Amino acid sequence: MSRKSQDPVGRTFSIELRSAKTLRSASFVHGSDGEVEIEGTLGTLESVSFPEGMVLQIVGSEGTLQVDLEQNEIPRSRRVPRS
Numbered sequence: 005m006s007r008k009s010q011d012p013v014g015r016t017f018s019i020e021l022r023s024a025k026t027l028r029s030a031s032f033v034h035g036s037d038g039e040v041e042i043e044g045t046l047g048t049l050e051s052v053s054f055p056e057g058m059v060l061q062i063v064g065s066e067g068t069l070q071v072d073l074e075q076n077e078i079p080r081s082r083r084v085p086r087s
C-alpha cells in the first residue's frame, strides 16, 4: 500500500488475507450512508510497525492490515495502558 496523503476522501487502508476462510463476514448495507463492515482474523500477531514511519502495518499469521497513519499522529495520551 502506498501512502495517499493527497486523497480527498481521507485515510486509506488495505487488508490482505491469506485465505478466504479467515474472512468471517463482509456486509454492505445499502442506505443513505452506504455502510460497510468487514470482519475477519489476522491470526496470531507477528508484528506491528510503521514502515518508513508512514503507514501503520499490523501483520498476523493469517493476513496484514495497513492504514495510512503516521506514527507521530498517535498522541501518547491516547494510548491505552495494558491491564
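The sequence shown runs contiguously to residue 87 in the working numbering.
For each residue, glycine too, the CB sits at the ideal point set by N, CA and C.
A quick note: this is a predicted structure, and the numbers were derived from the prediction, not measured.
> Comparing alpha-carbon positions, which option in Phe54, Thr68, Glu50 and Val33 lies nearest Gly44?
Replying inline: For the purposes of this step, residue 44 is identified with residue 40 of the sequence shown, where counting begins at 1. The residue with the shortest Cα to Cα distance from Gly44 is Thr68.
>> Which residue wins for smallest C-alpha separation from Thr74, given the options Phe54, Thr48 and Val63?
In response: The count along the sequence shown starts at 1 and reaches residue 74 at position 70. Reading the sequence as shown, one finds Glu at residue 74 and not Thr. Among Phe54, Thr48 and Val63, the Cα nearest to that of Glu74 is on Phe54.
> Name the DSSP bridge partner or partners of Gln70?
Replying inline: In the sequence shown, counting from the first residue as 1, residue 70 sits at position 66. Beta-bridge analysis with DSSP links Gln70 to Ser18 and Gln61.
> Helix, strand or coil: which one does DSSP assign to Glu39?
Replying inline: Looking up residue 39 in the sequence shown gives position 35. Assignment of Glu39 by DSSP, reduced to helix, strand and coil, places it in the coil class.
> So who's on the other strand from Val33, going by DSSP bridges?
Replying inline: In the sequence shown, residue 33 corresponds to position 29, counting from 1. Residue pairing from DSSP leaves Val33 without any beta-bridge partner.
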